[in-house]
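Numbering (the working numbering), first residue to last: 180 to 834.
Quick look at the structure:
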C-alpha cells in the first residue's frame with residue numbers, strides 16, 4: 180500500500196472524498212484528473228494505507244504482457260487439442276492391414292527411449308528445417324492402438340529417419356540415443372519407401388505428408404538417387420490433383436470438408452508450393468513438380484516449444500537410472516530467432532517470381548530494372564537479415580563449444596546462402612552475356628555477380644567452424660552447391676581471358692562449362708579426382724593473362740573455393756563438385772601457374788587448428804556401388820535452369 184500523510188490542506192477532489200494526498204504521492208483521483216495537490220508539504224506525514232496507488236502492484240504494461248502471454252498459451256493449448264482431436268478423428272485402425280503395418284515397423288524401430296530422444300532432437304534443434312506438426316500425436320496414437328495406416332506409417336518412418344540422419348554420429352550433451360543412427364536411418368528410409376509404394380490413394384493429404392518427409396530425407400543425404408523413386412509418385416499425385424483441382428478451394432473436393440480439414444489442406448498445399456518455389460525458383464505456383472523439394476532452406480512454420488520431455492507411449496518419463504533426460508528449454512532470444520527465421524524466409528520467397536522474370540532480361544531497359552531490383556534486395560538484406568540478428572560475425576567471436584552460438588550461426592549461414600543463391604540466378608545471365616561492349620549498367624551487374632560469388636566464398640571459415648564443431652545440423656549439399664555455383668561464376672571471366680581465339684570460340688568455352696564431361700559420368704568413389712585430372716592436358720596460364728587483376732582475383736577465388744570445399748567431402752554433392760571444379764582448373768592450367776600455387780585459407784578451422792573433422796551424417800549411407808552414372812547435373816545444382824539460362828546467353832543454341 181502507498182504511504183500517505185495526513186495534512187491540513189488537500190486538493191479539491193480529495194477534500195470532497197475526505198482523503199488526503201501530497202505532491203510526492205498523489206492520489207488516483209488527482210492522477211486521473213490531472214489535478215495538482217494543494218497540500219502543505221511541511222506538515223509531518225502519518226503513515227497509513229490507501230487502496231489507490233500501490234508501488235508494489237503490477238504496472239499496466241506488465242499486465243498487458245501477462246495477458247498477451249496467457250492468450251498465446253491458450254492458443255497453443257487449443258492448437259494442440261485440435262491436433263490431437265484431428266488425429267483421433269481419423270479412420271479406425273482395427274483392420275489386419277493396420278496391425279500388420281505396426282508389426283513391420285516394430286521390427287526395425289529402436290527402443291522407446293531412443294525414439295523419444297530422436298524426436299526431441301528433431302523438434303527442438305531442427306524444427307526450423309523440418310518438422311511435421313502432428314508427428315508426435317501420430318506416434319502416440321500408433322502406440323496406443325498398436326496399428327497404423329499405410330500413409331501414416333510412411334510419414335512416421337520418414338520423420339524418424341530424418342531425425343536419425345540429422346543427429347548423425349555426434350553424441351550431444353542432451354541427445355544421446357543408444358542406437359546406431361547410420362544403420363537406423365537407412366533402414367527406416369527403405370521401409371518408408373515400401374509404405375509409399377503400397378499407398379493406393381496418391382492424391383490424399385496423408386500421401387502428401389509422407390512424400391514431404393521422404394523428400395526432405397533425400398535432400399539431407401545429398402543424393403538425388405534417394406528421390407528418384409518418388410518422382411513418379413509426385414507427378415502422378417499432382418496430375419490427379421490438377422484433374423480434381425486440389426489447390427482450388429472452390430472445387431468439389433473442398434465442399435464437404437470441415438474448417439480444420441480445410442486449414443490442414445491449405446497448410447499442406449502452401450508447404451509444397453513454398454518448398455518448390457524455394458528449391459527450383461520457377462515462376463508460378465506449381466509449374467513443374469518433377470523436382471519438388473530439393474532445398475533444405477525451405478521456410479518452416481513456427482511450432483510450439485516443448486515444456487516437458489516427449490513420451491510417445493503415454494508413460495511418464497523415468498527419472499531414475501539411465502532413462503533420465505533433461506529437457507533443454509529455449510530462452511527468449513532463441514524463441515525470437517525461431518520465429519523470425521521462417522518470417523524472413525517467406526519474405527525472401529516473395530522475390531522469387533520477380534527474380535525469375537527478370538533473369539532472362541538482356542536489353543538496356545531491363546538492365547536498369549535489374550539494377551533497381553538489386554538495390555531493393557540489398558536494402559532488404561540490411562534491414563531484415565542483418566537488422567534481425569542474422570548477420571555473419573567473425574569466427575573468432577564464436578565459441579565452437581557453445582551449442583546456441585553454433586545453431587544461430589547455422590541459421591545465419593543458411594539464410595545468407597539462400598540470399599546469395601537468389602542473386603546468383605538473377606545476375607549470372609549478365610555475367611555470361613557475350614556482348615563485347617556492355618553498358619555501364621550491365622558492367623555494374625556483372626561486377627555485382629562476382630561480388631556475390633566472393634561473398635559466398637567468404638563464408639568458408641564459418642562452414643569450416645560449423646562442421647568442425649559438430650554442434651549444429653549441417654546440410655552439406657546446400658552449401659556445396661552454392662560454393663560450386665560461386666566457382667562457376669569466377670570461371671567465366673577466366674575462360675574468356677585464357678582463350679586467345681575468336682569470340683565465337685570463347686563463347687564455346689563458356690558453353691562447354693555447362694556440359695557434363697565424360698569424367699563426371701563415372702563413379703567418383705571409383706575414379707579419384709587425381710586420376711581424372713592426370714588425363715587432362717596441363718598447360719600454365721600465360722602470365723600476361725594474370726596481370727589483369729580482375730582475372731587473377733577470379734582465378735585465385737576458384738582455387739580458394741576448391742580448397743575450402745575439402746571440408747564438405749563427406750557429401751556426394753561435394754565429391755562430384757570437387758571433381759568437376761578440379762577438372763576445370765586443370766583445363767585452364769591454373770594449378771601449373773606459379774602465382775597460383777600457394778593454397779589460400781591456410782587455417783579454416785576458425786580458431787581450431789588441426790581440429791579433426793567429425794564424421795558426416797551420411798557416412799556409411801552410400802557404398803561404392805550405389806552411385807548412378809550421369810546424375811551430376813541433377814545432383815549438383817538446386818536449379819538446373821541456371822545452366823540452361825547461362826548457355827542461352829553464351830551461344831544461340833541451348834543445351
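Heads up, the beta-carbon is just placed ideally off N, CA and C, and yes, glycines get one too. A quick note: this is a predicted structure, and the numbers were derived from the prediction, not measured.
Secondary structure of residue i, DSSP reduced to three states
i: residue 278; result: helix
i: residue 594; result: helix
i: residue 314; result: helix
i: residue 244; result: helix
i: residue 334; result: helix
i: residue 305; result: coil
i: residue 637; result: coil
i: residue 569; result: coil
i: residue 344; result: helix
i: residue 555; result: helix
i: residue 626; result: helix
i: residue 580; result: coil
i: residue 390; result: helix
i: residue 618; result: coil
i: residue 399; result: helix
i: residue 325; result: coil
Candidates the options, of which the one nearest residue i by Cα
i: residue 318; options: 520, 598, 284; result: 284
i: residue 323; options: 586, 277, 560; result: 277
i: residue 619; options: 525, 484, 546, 301; result: 546
i: residue 610; options: 632, 597, 598; result: 632
i: residue 484; options: 635, 252, 746, 759; result: 252
i: residue 731; options: 673, 745, 490; result: 673
i: residue 728; options: 669, 743, 740; result: 669
i: residue 621; options: 206, 361, 550, 399; result: 550
i: residue 325; options: 279, 361, 290, 608; result: 279
i: residue 304; options: 392, 585, 625, 388; result: 585
i: residue 511; options: 248, 193, 742, 205; result: 248
i: residue 645; options: 559, 556, 746, 442; result: 746
i: residue 557; options: 608, 627, 361, 579; result: 627
i: residue 605; options: 649, 554, 580; result: 554
i: residue 624; options: 765, 548, 642, 369; result: 548
i: residue 359; options: 742, 588, 290, 568; result: 290
Backbone CA spacing between residue i and residue j [nearest angstrom]
i: residue 738; j: residue 347; result: 30 Å
i: residue 659; j: residue 761; result: 14 Å
i: residue 339; j: residue 661; result: 28 Å
i: residue 599; j: residue 636; result: 11 Å
i: residue 275; j: residue 337; result: 22 Å
i: residue 372; j: residue 295; result: 22 Å
i: residue 563; j: residue 740; result: 28 Å
i: residue 595; j: residue 617; result: 29 Å
i: residue 575; j: residue 614; result: 43 Å
i: residue 757; j: residue 736; result: 14 Å
i: residue 744; j: residue 334; result: 34 Å
i: residue 507; j: residue 524; result: 25 Å
i: residue 392; j: residue 561; result: 33 Å
i: residue 245; j: residue 608; result: 53 Å
i: residue 353; j: residue 442; result: 35 Å
i: residue 374; j: residue 287; result: 14 Å
i: residue 765; j: residue 400; result: 29 Å
i: residue 436; j: residue 312; result: 20 Å
i: residue 754; j: residue 675; result: 26 Å
i: residue 332; j: residue 361; result: 20 Å
Neighbourhood of residue i by C-beta distance below 7 Å, restricted to the same chain and skipping five residues each side
i: residue 884; result: For residue 884 there is no data in the structure shown, the boundaries of the chain being 180 and 834.
i: residue 364; result: 340, 343, 344
i: residue 583; result: 513
i: residue 634; result: 599
i: residue 716; result: At residue 716 the pLDDT is 40, less than 50, meaning the model places this residue with poor confidence and gives no usable figure here.
Own chain partners of residue i with C-beta closer than 8 Å, once the 5 adjacent residues on each side are dropped
i: residue 307; result: 479, 517, 520, 521, 590
i: residue 315; result: 298, 302, 489, 491
i: residue 570; result: 564, 591
Same chain only: Cβ atoms within 6 Å of residue i, ignoring 5 sequence neighbours per side
i: residue 321; result: 327
i: residue 281; result: 325, 326, 327
i: residue 602; result: 631
i: residue 376; result: none
i: residue 663; result: 756
i: residue 355; result: none
Residue i at chain B interface by Cβ criterion, 8 Å
i: residue 439; result: The structure shown contains no chain B; it holds only a single protein chain.
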